[in-house]
Each structure stands twice: as C-alpha cells, then as structure tokens.
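Student: Residue numbers (numbering that gives the first Met the number 0), protein chains in the order written: chain A, 0 to 582; chain B, 0 to 351.
The beta carbon of each residue, even a glycine, is placed where N, CA and C say it ideally should be.
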Amino acid sequence: MPVSFVKADSLLALDIGTVNTRASLFDVVDARYRYLGSGEAPSTANAPYHDLSEGVHQAIERLQQITGRVLLDEDAKLILPARVDGTGVDLVVSTVSAGPPLKAVLVGLLADISLESAANLLSTTYAQILEQIYLGDHRSLQSRLNLILKSQADLIVVAGGTEGGAERAVMQMLEAVGLACLFSEQNRPTILYVGNSAIRDQVKNTLGSLGTLVLSSNIRPTLENENLEVARLDLMSAFRQIRNAHLPGFYEIDQISNGGAITPAFGWERVVRMLSKAYDQRKGVMGVDIGAAATIIAAGLGGKTTLGVFPQYGLANAALRNLEQISIKDLADWLPFDISPNVLKNILLTKQTYPASLPMNEEELEIELALGRLMLQSSLRQMRKRLKELGGGELPILPPLEPIIAAGSLLTRAPRWSQAALVLLDGLQPSGITTLVLDQHHVVASLGAAAAFNPVLAVQAMDFGTLLNLASVIAPLGHARPGTVVLKAKLTYEDGRQENLEFRYGSLYRLPVPFGQTLQLHLQPLHGFDLGMGGAGMGGKVRLSGSALGVIVDTRGRPLPVFRDPKRRQEWLRKNLAVLENR
Amino acid sequence: MQLSVTHFQPLTTIRRERYLPFAGKVLARKGQRVQATDIVAECELTPEFVLVEVARGLGLSAQQAEAYMQVKVGMDIEKGDVLAGPVGIMKRVVRSPYSGRVMLIGDGQLLLRLKSQPYSLQAGFEATVVEVIAERGVILQTVGVLAQGIWGNGRVANGILAPVPGQADEELTENHLDQRAQNGILIGSYVTKEATLEKAATLPIRGLVLGALEATLIPLAEKMPFPILVLDGFGAYPMNRYAFQMLVSNEKREAYIHAEKWDAFRGTKPEIIIPLPVEDYQTESHDTAELSVGTSVRIVRAPYCGRIGKVEKLLDGRVILSNGLSVQAAHVRLADEEVVLSPIANLEIVET
Numbered sequence: 000m001p002v003s004f005v006k007a008d009s010l011l012a013l014d015i016g017t018v019n020t021r022a023s024l025f026d027v028v029d030a031r032y033r034y035l036g037s038g039e040a041p042s043t044a045n046a047p048y049h050d051l052s053e054g055v056h057q058a059i060e061r062l063q064q065i066t067g068r069v070l071l072d073e074d075a076k077l078i079l080p081a082r083v084d085g086t087g088v089d090l091v092v093s094t095v096s097a098g099p100p101l102k103a104v105l106v107g108l109l110a111d112i113s114l115e116s117a118a119n120l121l122s123t124t125y126a127q128i129l130e131q132i133y134l135g136d137h138r139s140l141q142s143r144l145n146l147i148l149k150s151q152a153d154l155i156v157v158a159g160g161t162e163g164g165a166e167r168a169v170m171q172m173l174e175a176v177g178l179a180c181l182f183s184e185q186n187r188p189t190i191l192y193v194g195n196s197a198i199r200d201q202v203k204n205t206l207g208s209l210g211t212l213v214l215s216s217n218i219r220p221t222l223e224n225e226n227l228e229v230a231r232l233d234l235m236s237a238f239r240q241i242r243n244a245h246l247p248g249f250y251e252i253d254q255i256s257n258g259g260a261i262t263p264a265f266g267w268e269r270v271v272r273m274l275s276k277a278y279d280q281r282k283g284v285m286g287v288d289i290g291a292a293a294t295i296i297a298a299g300l301g302g303k304t305t306l307g308v309f310p311q312y313g314l315a316n317a318a319l320r321n322l323e324q325i326s327i328k329d330l331a332d333w334l335p336f337d338i339s340p341n342v343l344k345n346i347l348l349t350k351q352t353y354p355a356s357l358p359m360n361e362e363e364l365e366i367e368l369a370l371g372r373l374m375l376q377s378s379l380r381q382m383r384k385r386l387k388e389l390g391g392g393e394l395p396i397l398p399p400l401e402p403i404i405a406a407g408s409l410l411t412r413a414p415r416w417s418q419a420a421l422v423l424l425d426g427l428q429p430s431g432i433t434t435l436v437l438d439q440h441h442v443v444a445s446l447g448a449a450a451a452f453n454p455v456l457a458v459q460a461m462d463f464g465t466l467l468n469l470a471s472v473i474a475p476l477g478h479a480r481p482g483t484v485v486l487k488a489k490l491t492y493e494d495g496r497q498e499n500l501e502f503r504y505g506s507l508y509r510l511p512v513p514f515g516q517t518l519q520l521h522l523q524p525l526h527g528f529d530l531g532m533g534g535a536g537m538g539g540k541v542r543l544s545g546s547a548l549g550v551i552v553d554t555r556g557r558p559l560p561v562f563r564d565p566k567r568r569q570e571w572l573r574k575n576l577a578v579l580e581n582r
Numbered sequence: 000m001q002l003s004v005t006h007f008q009p010l011t012t013i014r015r016e017r018y019l020p021f022a023g024k025v026l027a028r029k030g031q032r033v034q035a036t037d038i039v040a041e042c043e044l045t046p047e048f049v050l051v052e053v054a055r056g057l058g059l060s061a062q063q064a065e066a067y068m069q070v071k072v073g074m075d076i077e078k079g080d081v082l083a084g085p086v087g088i089m090k091r092v093v094r095s096p097y098s099g100r101v102m103l104i105g106d107g108q109l110l111l112r113l114k115s116q117p118y119s120l121q122a123g124f125e126a127t128v129v130e131v132i133a134e135r136g137v138i139l140q141t142v143g144v145l146a147q148g149i150w151g152n153g154r155v156a157n158g159i160l161a162p163v164p165g166q167a168d169e170e171l172t173e174n175h176l177d178q179r180a181q182n183g184i185l186i187g188s189y190v191t192k193e194a195t196l197e198k199a200a201t202l203p204i205r206g207l208v209l210g211a212l213e214a215t216l217i218p219l220a221e222k223m224p225f226p227i228l229v230l231d232g233f234g235a236y237p238m239n240r241y242a243f244q245m246l247v248s249n250e251k252r253e254a255y256i257h258a259e260k261w262d263a264f265r266g267t268k269p270e271i272i273i274p275l276p277v278e279d280y281q282t283e284s285h286d287t288a289e290l291s292v293g294t295s296v297r298i299v300r301a302p303y304c305g306r307i308g309k310v311e312k313l314l315d316g317r318v319i320l321s322n323g324l325s326v327q328a329a330h331v332r333l334a335d336e337e338v339v340l341s342p343i344a345n346l347e348i349v350e351t
C-alpha cells in the first residue's frame, strides 16, 4: 500500500549484513531530517538462529539504549506507526545482504552478446553463476537439462534475441529450461526472462505454469546496446521472491519495509543515480562498499548508472574462495614489511574462518587494509567495460568523479583516516579532482531504500553530519620523470594568506584544511598533465572544503608505479602513509 | 553478549541431526540403536535424463515413429527393453540404453529418467535414534567425548584412536608415523610439511586430528583419502591442552570423525565423537552462550590464536588496541596464568 511520506517524521533503517545487523534512526530536527543514531548486533541469518528477526530485534534494542527512544512495545514488537506519545517509528526501510549468494544459471544465444549481458545483469546482485548454457556450446538437450538440474539453481536468467531478432533459437534454448523446471520436484528455480520481447507470450505459455516466471525487458535490444535498467528492477523482485522462500525472517522484514526489503547494492545504486543527477553533470559519482558479503561498486553520470556486486571479493563471506581468487603476491605487494606467503595464507584463512574477528597487531591490520585495496582493484577490473561507457579510459583511468562515497567497516573502523584514504587512493586510483567521503554510520544503502519514496530525506540526511568528508584529492594525469614539477598551485587561505607550491611527479602531498574552512587553489598543470579542467595542461581555480585530511595531491601516476625491489616498494608504502599522517 | 560455542567436552550428551539432501524415506525407528555405517534414511539424488532419438533409430519421420512406440509415459523399463518398433523387413527396433522411467514422448524422441542408486544416509556414529523427522532424517543421541574443529577436509570415517606419537607442542612429522598408527585415528599437534600427510596416506591411517595445519597444505589435505580435522587454527602451533589431554586419555577407543566443512549458515562444524559406555547422562550442550566473567573462551586471532582461558574482566566502553583499533574488549586469563587483552569479536566460548 503506498504511504505518503509527507506526514511521516521518523524512519527506521535496517541493514542486515552477513556479519552485523544495524538499525539506524532518522527523524526531523529543526525542520530537517537528521541521523540520530545506530544500534548494532550480530546478524542471525546463520545457525543456530536461522532467523534474521533476532539480530534485528537486538539491534533495535541497542538503538533504544543509544537514542533513548522507545521503539519496541511491551511484547518486544516494533511500534509502527509511531504513537502520539512519541514512541515507535513512522516508516521502516531495509537492506539485506545476509544469506548465501543466489545460485544462478545463465541461458542465452551467444556467449559474447546475450550471455555477457546476462552476466552483467547478475553482477548487480548477490549471485554466483554456476553454469552458462548457450546456442553454440555444442551441448545436447539432455546434457543441458542435466546441467541445470545438477546445479540446483535458485535462479535461471534467460537472455537472447535482439528486438525483432531471433525467436526460434531462443525457444529452442528454453526447452532445456522448461524440462528442468518440470522435473525439479523440489526447489523449482525462479526464471527471469530478459530476451527478445516479441516472444514473451510464448515464453509465458511454455514456462508460466512450471514455476515462478518473471518477464522483463530485453537486456540486449540491439547487438551494440545493453540495457539493464528495467531488468535490474525485475532481478531485485526475483531476488526478494527467492529470499522470501529460503531465508527465514526475510518475509517479516520485507513486509514491514516500505518498498520491500532491497539489497544494499540496490540502495547504493539509487543514491548514486540521485546524486549524479543533482551534482555536476560533467562528472560522475561513485559509491564503493567493501563488505563482508561482497564488494559493491556503483557509478553514475547524469542519471545513467552502472552497478557491480562481487561476492567473490567480499572480505569474509567467500571463505576459502578469496584465497583462490587473489594472488598472494599481489597482496604482499601492498604490505610495508616482509612476510612469508605461508604466514600470509594462515592469517587470511583465519580471518575468513572468523569474519567478524579483528586484527590485534599492526601487521594483521595492514594485511586487511591491503586486502581492501585488492578487492577494489579486482572489482574494478570486472567493471572495466561498463566504467568506460561512463566516460572512463583503460583501467586504472576512471571516469571523472565527484564525489567518491565509501563504506565498509574496514574503512570506517580504520584507526587512522590516512589508512582509509590510502585504501581508496591505491585501490581506485581516482584522477582529476575529487572528494573522498566516508559513510561512517553505514547508512547510504538505507538512504537509497528511503530515496525511492522520499528523496528529500535521503539528501538532507546525507548533508548533515552523516557522511564524513575524508579528503579532497587532486591527481593530475600524465607521465614524467620522477621529481619533475608537474603541478603548480597558488593557495589562498581563508585568512588571506597565500602560498605558492610546486608538486613533483611520483609523490603524495597533504595540505591540511580543517573542517569549517575552505582553501582556494589556483592550479596550473605542467608538461601536458591533465586535471580534468578542460583538457591537458589546462588549469583553473577551485575552492575545496575542509575535511578530515584536507587536500591530498597525488602525483604518483596512473597506474601507480611498480617496484621490483621489495625494499623500495615497502619504503614507498611507508612514505605514502607518513605523508598523509604528516610524519 | 551471546557468542558461538565450541565444544571440547570429555563427557557430554551429543545430539546430532542427520538430514537427507532431498526428501526421501527414513529407514530408522525412534529408539533404535544404530552403528556408524547403518543407513538411517535414503533418497534419490538429482535425477539424470537421457534423450533417446527413437525416430532416427527407426529410420522414420517423427510423426511416423509415434505409431511404433511400445512404451508409454510413466512406464518403468529395463536396459535393453524395446522402446519402439519393429519396423520394416529387418524388424528394426530401438532398445532402451538404460533402465529408467519414461518421462516424455514426442517429436520422435523419448526422455528417459535413469534409475539411479539411492543416496544412503549413514548414522555416522554409534548412537540411539531419539527423533524421526518424516522424509528428512533422524536425530541421533549418544553420550561421550566431543571435540569440535574449525576446518575439515570433507571426509567421514571411524576407527580406533592410535597411541599419540608426539608431545602436545611437538610438530607431527613423517618420522612419528609408524605401524602403531596404521588403521587408526591419529592425534597430532600440528603439521607443516606435505611429507607428513603423504606418509600418513601410505600407512594408511583412518583419520587425523590436528591442533593446527599450515594453510598451504589445504589443497593436499583435501585430496587425502582419510578425514582430517583441524581443531584450533592455521599455522604452526600446538593443540589446545583441553583437547589434547581429552583425546590422549581416550586412546584405543572407537572414535568417529566428521570432517565436514564448517558451514556457518547450517551451523555444522567438523568434529570428533567418542561414544562412552555411560547410561542416562544428561547435560545441556549449547550452540551459543552468554559471555560473562569466568566463561571459558578461545582467542581466535594472533598473537594468541587457539589459546584457551577464562574471562577475567569485561571492559566497559571501548578500548584502543596497539594497532589503534577501537574495540569492545575483555581481559582473558590464559592457562599459563598470563592475562591478555582481546577484542570480544575475537573470542568464542568453549564448553569444556
């Protein structure tokens, strides 16, 4: 039932992750929406609870203690809507990433066309592709049927046929899907059809009676164009149906949530879309979340967005999988000390066995921060084509971005802001001028859920202290000999003081600008370096706001330098950190 | 605060669910005494299908072939049974390549669901069936020793606990492995060398229970034909003394290793069970428990990884660790009386 938000004052946002469940409260203070606080508890999707509700209940209890607001009644039930005495809340939104990734099978016509788009679609949610079946795979009908049945998939995504294109071939591929549904006596998969729309009725006639069928729009309307917009919404709907059936407690959360429970990734995408419309249209917006269940990357430009969810790059959920996915050497390259591969593997496996555990010494903390860099880099590689479509270059050149919003306990709980900033700078390697923002209370995804029916709340809540401005970054693009001056800047402080600075290639610089102050910079790149201010060698004036670290000038180059000598590399890593800490 | 519990118990009541992967038939009765290899339930696993090209086999069109079909949908047939024909002077027939059930007929084809061996669910340890869950499985109960681990190589076996070849803090090497361990379940502190596992496989042994295992050995450990159960962690450090003493004191008893992977979602942990001849012993075993002063805990991260102690004090507010992390923490008195600081996130409760 649609709910008018105009009358609603308070919002409870639930975020149910693999490790933690958070309950956050927003309400109107001085005529604006504000973040009031969060309560946190261990998630209870896993044994022995097997019910999301228990963790939610504990998180709300904690929230009550922190905010002093009464949200639960004497029977420990959520008071919804709020009562006249001020107890309870008016609305609830929720994001859920707990539970194992969906097991999916992709069916299409061409491996590099429809299957690729289907894989891109799947990468917008928490899913694991078990099998890919396509016209040219030289498999017989029985082989396809047996593959689908053995996979015990939760979801089958059927793509193929451009608009006005192939019909018979798609129907031929559906034979195996139909038979698999017919003979899946237990746990019939949900089918999401995203192929040629001309045969939707035939698809409905063939598969409609064999299980849950979601008909969506064609994700590959032409050979050249991919369009995931509508299918992403329908995939979200299929995700909810599957979770409702298999994840105890999800249904109850879904029922009380305005707009239904969504994935955090979906929430992130909404926020990025909204901000990319609202902010400078020449620049994109990026959201990254290094979570236990997955690493999420959402990017948007002028309202056009792309989203990637990578369970294989979740810090903890993937158990042993990460050890296989990442190169131990690549990880060791981000450590400022020597460590044997054996010891490193022991530490990683321990972390993955106990995902909620915390590093107790400097070395293990550095390893987790290094893992964060690697998870970001690996996720970006998976999205390289899609980021290019948003105006990026060959990786690591990202589209121009303002801002980059980042979340994940690894970053928000990092002992020093400099550590969080370096994970983002090294993992993402942004270029031009941008701002790094931290989602310190883990609420951006929830605000994305709320934005669907109250964008005002989302915008106002983000404006007022919810997000932390970590640093402004100036990273000119270009190549030069290390030590060459590649950027000149005239700094004008609020008190009128002026300063001229030169920045040499191959270094990192920090200019502290406290919160509440601004710094005006007149920038002039040299040697054809590009700041994204109109072209190579073009400079101009920018005014940057104060932040936790101030302004970081990153002239280390893109891609970042590779050091063959481990000692030099370690020294470089230590120096980077020392610069950001003003040591 | 509720934390998960790991068990190192010399005497406890052990209740375990044994469930089929799919709905099937439960063979055991409530109250029945079962041995490890007794089949308590069975079901059919994912069926396999074969498409038989009948029309092509008969040399007819799809439409013509329909008239020569000898079987109907739903019929059970044996390998070699005639499916269609005879056709022509040569009396051409199409015979079934497999035993199974006819599921579909059409377009000159026949879809056969193959008859497969049922999946048999074994009890896994000597116990009594205390509950039957219709179509799904049973709940078994026994009284004995229980030690739970953090990693297993996916295998299950039972055997006699062999004499322990080394000391609690000494690495188990190939030099420790001789005929005394043959066909037994071996207890070792930790293993860091491939040669140890390879020698164990050649003896052979029935199973291996370790305190710790080097993570680099995991691919090899997964290939070993015997179950490997890791109790404490990854690396080179001794087995916790509770588990070591408990296992040593049960030498020569029959033990059952379920070295299945730790599945947090399902709540299954790899473990070793040693049933004891004790009647009517009732204790409560918990999957989670409240953390409080005096609770036995194990620290799961370095530098105290695998060490067991008792909570001395739960600290108020948050504490800053040496690496700068701000955490909820506790003081833990280790077995050697050393008191150490640990984040609560790094503790799991142990029932001993």
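Using a Cβ-Cβ distance cut-off of 7 Å, determine whether V326 (chain B) contacts chain A.
Tutor: Position 327 of the second sequence, counted from the first residue, corresponds to residue 326 (chain B). Yes - at least one Cβ of chain A is within 7 Å of the one on V326 (chain B).
Student: Can you tell me whether DSSP reads K540 (chain A) as helix, strand or coil?
Tutor: Here the question's residue 540 (chain A) lines up with position 541 in the first sequence. Strand, per DSSP.
Student: So who's on the other strand from D69 (chain A), going by DSSP bridges?
Tutor: Taking the first sequence and counting its residues from 1, one reaches residue 69 (chain A) at position 70. At residue 69 (chain A) the sequence reads Val, which differs from the Asp that was named. Paired residue(s): none; V69 (chain A) is not in a bridge.
Student: Secondary structure at G183 (chain B), three-state DSSP: helix, strand or coil?
Tutor: Translated into the one-based positions of the second sequence, residue 183 (chain B) becomes position 184. Strand.
Student: Considering just the uninterrupted stretch of the beta strand (DSSP E) at A451 (chain A), what are its terminal residues?
Tutor: Against the first sequence, residue 451 (chain A) aligns to sequence position 452. Note, A451 (chain A): premise wrong, no beta strand (DSSP E); not H, not E.
Student: Got a sec: is the Cβ-Cβ distance from A444 (chain A) to anything in chain B below 7 Å?
Tutor: On the first sequence, residue 444 (chain A) is found 445 positions in, with the first residue counted as 1. Contact with chain B is absent for A444 (chain A), since none of that chain's Cβ atoms lies less than 7 Å from the residue's Cβ.
Student: Which ranges would you report for the alpha helix (DSSP H) in the stretch 40 to 105 of chain A if only whole runs of at least 4 residues count?
Tutor: 51 to 66
Student: M587 (chain A) CB to nearest chain B CB: under 7 Å?
Tutor: As shown, chain A starts at 0 and ends at 582. That puts residue 587 (chain A) outside it, with no answer to give.
Student: Per DSSP, which one or two residues make a beta bridge with C42 (chain B)?
Tutor: Walking along the second sequence from the start, residue 42 (chain B) turns up at place 43. For C42 (chain B), which the question treats as bridged, DSSP gives the partners B:Y118.
Student: Cβ closer than 7 Å: which chain B residues qualify as neighbours of Q311 (chain A)?
Tutor: The count along the first sequence starts at 1 and reaches residue 311 (chain A) at position 312. Here the premise fails: no neighbours, minimum Cβ distance about 17 Å.
Student: Anything in chain B within Cβ reach of N145 (chain A), meaning under 7 Å, just list it in chain order.
Tutor: In the first sequence, counting from the first residue as 1, residue 145 (chain A) sits at position 146. Within chain B, the residues near N145 (chain A) are E47, F48.
Student: For F25 (chain A), which beta-bridge partners are listed by DSSP?
Tutor: Here the question's residue 25 (chain A) lines up with position 26 in the first sequence. For F25 (chain A), which the question treats as bridged, DSSP gives the partners A:L10, A:Y34.
Student: How would you call M359 (chain A), buried or exposed, if buried means at least 16 neighbouring beta carbons within 10 angstroms?
Tutor: In the first sequence, residue 359 (chain A) corresponds to position 360, counting from 1. It is buried - the Cβ of M359 (chain A) has at least 16 other Cβ atoms within 10 Å.
Student: Taking Cβ-Cβ distances below 9 Å as the criterion, which residues of the stretch 294 to 305 of chain B are in contact with chain C?
Tutor: Protein chains A and B are contained in the structure displayed, whereas chain C is not.
Student: Please classify A83 (chain B) as buried or exposed, where buried requires at least 16 neighbouring CB atoms within 10 angstroms.
Tutor: Here the question's residue 83 (chain B) lines up with position 84 in the second sequence. Buried, by the Cβ-count rule.
Student: Measuring CB to CB, does L427 (chain A) end up less than 7 Å from L375 (chain A)?
Tutor: By 1-based counting over the first sequence, the position of residue 427 (chain A) is 428. By 1-based counting over the first sequence, the position of residue 375 (chain A) is 376. In this structure, L375 (chain A) lies closer than 7 Å to L427 (chain A) by Cβ.
Student: Against chain A, does T215 (chain B) count as a neighbour if the rule is that its beta carbon must be under 7 Å from one of theirs?
Tutor: Counting from one through the second sequence, the residue named residue 215 (chain B) turns up at place 216. So yes, T215 (chain B) belongs to the interface.
Student: With DSSP as the reference, label T483 (chain A) as helix, strand or coil.
Tutor: One-based indexing of the first sequence puts residue 483 (chain A) at position 484. If DSSP states are grouped into helix, strand and coil, T483 (chain A) belongs with coil.
Student: Is it buried or exposed for Q166 (chain B), if we count other Cβ within 10 angstroms and need 16 for buried?
Tutor: Translated into positions along the second sequence, residue 166 (chain B) becomes position 167. Under this definition Q166 (chain B) is an exposed residue.
Student: Quick check on DSSP: helix, strand or coil for W333 (chain A)?
Tutor: For the purposes of this step, residue 333 (chain A) is identified with residue 334 of the first sequence, where counting begins at 1. Reduced to three states, the DSSP call for W333 (chain A) is coil.
Student: Taking the DSSP output, what are the residues bridged to G107 (chain A)?
Tutor: As a position in the first sequence, residue 107 (chain A) is number 108, starting the count at 1. For G107 (chain A), which the question treats as bridged, DSSP gives the partners A:Y133.
Student: Does the Cβ-Cβ distance between D553 (chain A) and A474 (chain A) come in under 7 Å?
Tutor: To locate residue 553 (chain A), count along the first sequence from 1; it is residue 554. To locate residue 474 (chain A), count along the first sequence from 1; it is residue 475. Yes. Within cutoff.
Student: In the DSSP output, what is A83 (chain B) paired with across the bridge?
Tutor: The sequence position of residue 83 (chain B) within the second sequence is 84, counting from 1. Paired residue(s): B:M68, B:V93.
Student: Considering only residues of the same chain and omitting the five flanking positions on each side of V541 (chain A), which have a CB-CB separation below 7 Å?
Tutor: Within the first sequence, the letter at position 542 stands for residue 541 (chain A). Excluding positions up to five away in sequence, the list reads I432, L520, L522.
Student: Within this structure, are the beta carbons of V101 (chain B) and V72 (chain B) separated by less than 7 Å?
Tutor: The residue given as residue 101 (chain B) occupies position 102 in the second sequence. The residue given as residue 72 (chain B) occupies position 73 in the second sequence. Result yes, Cβ atoms of V101 (chain B) and V72 (chain B) sit closer than 7 Å.
Student: If contact means a Cβ-Cβ distance below 9 Å, which residues of the stretch 340 to 352 of chain A contact chain B?
Tutor: Those residues of the stretch 340 to 352 of chain A that come within reach of chain B (Cβ to Cβ, closer than 9 Å) are P340, N341, V342, L343, K344, N345, I346, L347, L348, T349, K350, T352.
Student: Label V144 (chain B) either buried or exposed according to how many other C-beta atoms from any shown protein chain fall within 10 Å of its C-beta, with 16 as the threshold for buried.
Tutor: Taking the second sequence and counting its residues from 1, one reaches residue 144 (chain B) at position 145. Only buried fits V144 (chain B), as 16 or more other CB atoms lie within 10 angstroms of its CB.
Student: Put P1 (chain A) into one of helix, strand or coil per three-state DSSP.
Tutor: Reading the first sequence from its first residue, position 2 is the one you call residue 1 (chain A). Because the pLDDT at P1 (chain A) is just 44, under 50, the model does not fix this residue reliably, and the value given afterwards should be weighed accordingly. Per DSSP, reduced to three states, the secondary structure at P1 (chain A) is coil, with no helix or strand assignment.
Student: Compute the Euclidean distance between the alpha carbons of N243 (chain A) and L51 (chain A), then round it to the nearest angstrom.
Tutor: By 1-based counting over the first sequence, the position of residue 243 (chain A) is 244. By 1-based counting over the first sequence, the position of residue 51 (chain A) is 52. C-alpha separation (whole angstroms): 12 Å.
Student: Restricting to Cα atoms, I'd like to know which of B:Y236, B:G232, B:I348 is closest to E289 (chain B).
Tutor: By one-based count along the second sequence, residue 289 (chain B) stands at place 290. For the residues B:Y236, B:G232, B:I348, the minimum Cα distance to E289 (chain B) belongs to B:I348.
Student: Note down, in chain order, every chain A residue with its Cβ under 8 Å from the Cβ of M102 (chain B).
Tutor: Locating residue 102 (chain B) in the second sequence gives position 103, counting from the first residue. Correct list: F182.
Student: Could you name the residues of the stretch 194 to 215 of chain B whose beta carbon sits closer than 7 Å to any beta carbon of chain A, in the order they occur along the chain?
Tutor: Residues passing the 7 Å Cβ filter: E213, A214, T215.
Student: Would you kindly work out how many angstroms separate the C-alpha atoms of A12 (chain A) and V137 (chain B), rounded to a whole number?
Tutor: Here the question's residue 12 (chain A) lines up with position 13 in the first sequence. Here the question's residue 137 (chain B) lines up with position 138 in the second sequence. Cα to Cα, the separation comes out at about 41 Å.
Student: How should E393 (chain A) be labelled, buried or exposed, when 16 other C-beta atoms within 10 angstroms of its C-beta is the threshold for buried?
Tutor: Position 394 of the first sequence, counted from the start, is the residue given in the question as residue 393 (chain A). Exposed, because fewer than 16 other Cβ atoms sit within 10 Å of the Cβ of E393 (chain A).
Student: Quick one: does A317 (chain A) have its CB under 7 Å from some CB of chain B?
Tutor: As a position in the first sequence, residue 317 (chain A) is number 318, starting the count at 1. Note that A317 (chain A) scores 47 on pLDDT, short of 50, meaning its location in the model is unreliable; the coordinates nonetheless yield the value given after this. It does not: the Cβ of A317 (chain A) has no partner Cβ on chain B nearer than 7 Å.
Student: Check whether the Cβ atoms of P395 (chain A) and R557 (chain A) sit closer than 7 Å, and answer yes or no.
Tutor: Residue mapping note: residue 395 (chain A) aligns to position 396 of the first sequence, counting from 1. Residue mapping note: residue 557 (chain A) aligns to position 558 of the first sequence, counting from 1. Yes. Within cutoff.
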